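Our numbering puts the first residue of the sequence shown at 32, with every later residue one more than the last.
C-beta atoms are modelled at their ideal positions from N, C-alpha and C, and glycine is treated no differently.
The structure presented is a predicted model; accordingly, all values stated were derived computationally and were not measured.
Written below as structure tokens is the structure these notes are about.
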Amino acid sequence: MRIHLSSVFVDDQDKALRFYTDVLGFVKKTEVPLGKDRWLTVVSPDDRDGTELLLEPDGHRAVRPYKTALVEDGIPAASFAVDDVRAEFERLSGLGVRFTQEPRDMGPVTTAVLDDTCGNLIQLVHRR
32 MRIHLSSVFV DDQDKALRFY TDVLGFVKKT EVPLGKDRWL TVVSPDDRDG
82 TELLLEPDGH RAVRPYKTAL VEDGIPAASF AVDDVRAEFE RLSGLGVRFT
132 QEPRDMGPVT TAVLDDTCGN LIQLVHRR
């Protein structure tokens, strides 16, 4: 068994697609119209057949309070592995990405937390 799909709830699919592709570097894998929304997934350019991230609309009445509570408590909605958190922090900061937590060593890992502009905090992590 392996993880096939995970999702983040986003307030605007077009804005999310731009951020997750143009800024974070993922590539679009699937886009299927579903009324006013889409089944919209991205993947790592290094593993195009790997785990997909669904950029899921946050229109359900339970989602926005959930997202707000996570952000208020500083809890990331997802965690992405990178080769070097400090290098990604510098690269993304240079692109205007806002971080709520700068790189921090936490035992065997280094983490940082960014705002995805779509209502979520995202953690970057690498093992040392």
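When the options are compared against residue i, the one with the closest alpha-carbon
i	options	result
K97	N151, F120, R117 and L84	Note that residue 97 is Tyr in the sequence shown, not Lys. Checking every option, the nearest Cα to that of Y97 belongs to N151.
I34	K59, D80 and G56	D80
M32	K60, T82 and L155	T82
V94	L36, R159 and D42	D42
V172	S38, R69 and V140	This structure cannot settle anything about residue 172, because the visible part of the chain is limited to 32 through 159.
L155	C149, G125 and R117	R117
R135	V102, S38, H157 and D89	H157
R69	D78, S124 and D89	D89
Residue i versus residue j - alpha carbon distance
i	j	result
L48	L86	8 Å
F50	R129	12 Å
L55	E119	9 Å
R159	M137	10 Å
V73	G66	20 Å
K44	E62	What sits at residue 44 in the sequence shown is Gln, not Lys. Roughly 11 Å between the two C-alpha positions.
L101	S38	15 Å
V58	D77	10 Å
As assigned by DSSP and simplified to three states, the class of residue i
i	result
K59	strand
P76	coil
A47	helix
V41	strand
D146	strand
V156	strand
V128	coil
D89	coil
T82	coil
Distance cut-off 7 Å: residue i Cβ against heavy atoms of the ligand ATP
i	result
E133	With respect to the ligand ATP, the structure offers nothing, as it holds no ligand at all.
Extent of the continuous alpha helix (DSSP H) to which residue i belongs
i	result
F120	V116 to G125
A100	V94 to E103
Where the beta strand (DSSP E) containing residue i begins and where it ends
i	result
V113	No beta strand (DSSP E) holds V113; DSSP gives it neither H nor E.
Query raised in the report: Is the stretch 92 to 111 in contact with the stretch 141 to 157, if contact means three or more CB pairs nearer than 8 Å?
Result: yes
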